[in-house]
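Report on the structure given below.
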Amino acid sequence: MIRTRIIGTGSYVPPDILTNDNLSEMVDTSDEWIRTRTGICNRHIAKDMDNADMAYNAARNAVEDARIEASKIGLIIVATSTPDYAFPNQASLVQAKLKAVNAMCFDVSAACSGFITALDIAASMLKAGSYKYALVIGSEKMSEIVNWKDRSVCVLFGDGAGAGALVGHERGIIDSNIYNDGTGASVLTGGRRFSDSCSTDIFIHMDGQEVFKFAVKSVPTAIETLLHNNNMDINEVDKFILHQANVRIIESVAKRLKADKDKFPVNLNEYGNTSSASIPILLDELNRNGSLKQGEKLVLAGFGAGLSWGSILLVW
Ligand code: ACO
Numbered sequence: 008m009i010r011t012r013i014i015g016t017g018s019y020v021p022p023d024i025l026t027n028d029n030l031s032e033m034v035d036t037s038d039e040w041i042r043t044r045t046g047i048c049n050r051h052i053a054k055d056m057d058n059a060d061m062a063y064n065a066a067r068n069a070v071e072d073a074r075i076e077a078s079k080i081g082l083i084i085v086a087t088s089t090p091d092y093a094f095p096n097q098a099s100l101v102q103a104k105l106k107a108v109n110a111m112c113f114d115v116s117a118a119c120s121g122f123i124t125a126l127d128i129a130a131s132m133l134k135a136g137s138y139k140y141a142l143v144i145g146s147e148k149m150s151e152i153v154n155w156k157d158r159s160v161c162v163l164f165g166d167g168a169g170a171g172a173l174v175g176h177e178r179g180i181i182d183s184n185i186y187n188d189g190t191g192a193s194v195l196t197g198g199r200r201f202s203d204s205c206s207t208d209i210f211i212h213m214d215g216q217e218v219f220k221f222a223v224k225s226v227p228t229a230i231e232t233l234l235h236n237n238n239m240d241i242n243e244v245d246k247f248i249l250h251q252a253n254v255r256i257i258e259s260v261a262k263r264l265k266a267d268k269d270k271f272p273v274n275l276n277e278y279g280n281t282s283s284a285s286i287p288i289l290l291d292e293l294n295r296n297g298s299l300k301q302g303e304k305l306v307l308a309g310f311g312a313g314l315s316w317g318s319i320l321l322v323w
């Protein structure tokens, strides 16, 4: 059976770091509040670069890691909620920089569930035999849509990009489930409303507690369903790579699943919530530091605006 395997990973975060102490000089907050409520210490901010620059850097690293020629890539999908333009899409900008001349290109807008959604789409297309190699990227310049005067939001987010190079293979993605509930759309919004030409409000608006409750309920249920459908026990999973929004959400998901907390790697302390980029950045870090062993079973899980959520089961 043809599955989709991740054969290379890459990531990029901009060099400028904004610490909790820096933020406490901008709004009424403190390092202690941010760390204890979220687990975040730093976030990286793209001052002089576009989303496409970060996406390209992550993509190039993934392609190098996979040792494939850019011209062999048949499909590029960028998951992003903060594109540089309404059009062309980010994937076209990456394609040009990468010289991936034979790739079909489009973007996916699914907020923090963007990477798993794009990965699921790419896997279906590879499985159908349409392409041999694909590139899936999560890239966000959240700093553009953060209101730096709103302490309830500005402490949470950061910029960055992560990518996976994919190939049709006998080992790889086993199954997935991606859900959406548009009736919860108003709980978490960001960006300008195009139909309101007078609007200058481009910022993220979030009911943090509602998002928290939604995440700790929906993510464990999605993972349990995925494992049940594949006759797997929670203990058979080697690592759970969750969207990095808040360490308390990750701990709560682990507890609800009755899973070993140590199987949930965390890097949000350094990057904050990078939305669609958080899962591939973490995946790349684990891949590069040798934490992922061939044959390990991984669950990737995302959640965010939409409301959207879901999980993917794969063999590394
Ligand atoms: N510094 C200090 N105090 C703050 C800050 C801050 N940065 N932000 C809020 N507060 C205050 C509030 O005003 C409130 O004060 P009050 O009690 O006097 O009214 C108090 O702290 C508690 O506020 P809560 O909102 O109840 O804090 P909570 O414990 O819920 O934590 C948080 C807030 C961190 C946002 C949490 O709700 C959360 O993580 N939610 C999930 C958010 C999330 O994951 N969003 C991203 C989704 S991904 C995507 O799709 C983009």
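So that you can map any letter, position 95 of the sequence shown is 102 in this note's numbering, and since no number is skipped, the others follow by simple counting.
Ideal Cβ positions, reconstructed from N, Cα and C, are used throughout, including at glycine.
Note that this is a predicted model, so its numbers are computed, not measured.
- Message: Is the beta carbon of residue 135 closer than 8 Å to that of residue 107?
- Response: no
- Item | Separation of residue 179 from residue 24, as counted between CA atoms | 35 Å
- Taking 8 Å as the threshold, find out whether the region 296-311 comes into contact with the region 24-39 through three or more Cβ pairs. no
- Item | Distance between beta carbons of residue 210 and residue 248, contact taken as under 8 Å | Actually they are not in contact, since the Cβ atoms of residue 248 and residue 210 sit about 29 Å apart, beyond 8 Å.
- Check residue 101 in the structure and name its three-state DSSP category. helix
- Reduced DSSP category for residue 14 - H, G, I as helix; E, B as strand; rest coil: strand
- Query: Just to confirm, does residue 213 get its C-beta within under 7 Å of one of the non-hydrogen atoms of ligand 1?
  - Reply: yes
- Task: Return the chain-ordered list of same chain residues with a C-beta closer than 6 Å to the C-beta of residue 183, the five sequence neighbours on each side being excluded.
- Result: 127, 319
- Task: Kindly indicate which three-state DSSP category residue 196 falls into: helix, strand or coil?
- Result: strand
- Query: Does the beta carbon of residue 244 sit closer than 8 Å to a beta carbon anywhere in chain B?
  - Reply: Included in the structure is just one protein chain, with no chain B present.
- Is DSSP giving residue 128 helix, strand or coil here? helix
- Do three or more CB pairs link the region 266-275 to the region 28-40 at distances below 8 Å? no
- Message: Restricting to Cα atoms, I'd like to know which of 112, 283, 60, 162 is closest to residue 122.
- Response: 283
- Query: Would a C-beta distance cut-off of 8 Å place residue 172 and residue 15 closer than the cut-off?
  - Reply: yes
- Residues in its own chain within less than 6 Å of residue 252 by CB, not counting five upstream and five downstream? 280
- Task: Please confirm whether any heavy atom of ligand 2 lies closer than 7 Å to the CB of residue 311.
- Result: With respect to ligand 2, the structure offers nothing, as its ligand set consists of ligand 1.
- Message: Considering only heavy atoms of ligand 1, does any lie closer than 7 Å to the CB of residue 102?
- Response: no
- Around the Cβ of residue 19, are there at least 16 other Cβ atoms within 10 angstroms (buried) or fewer (exposed)? buried
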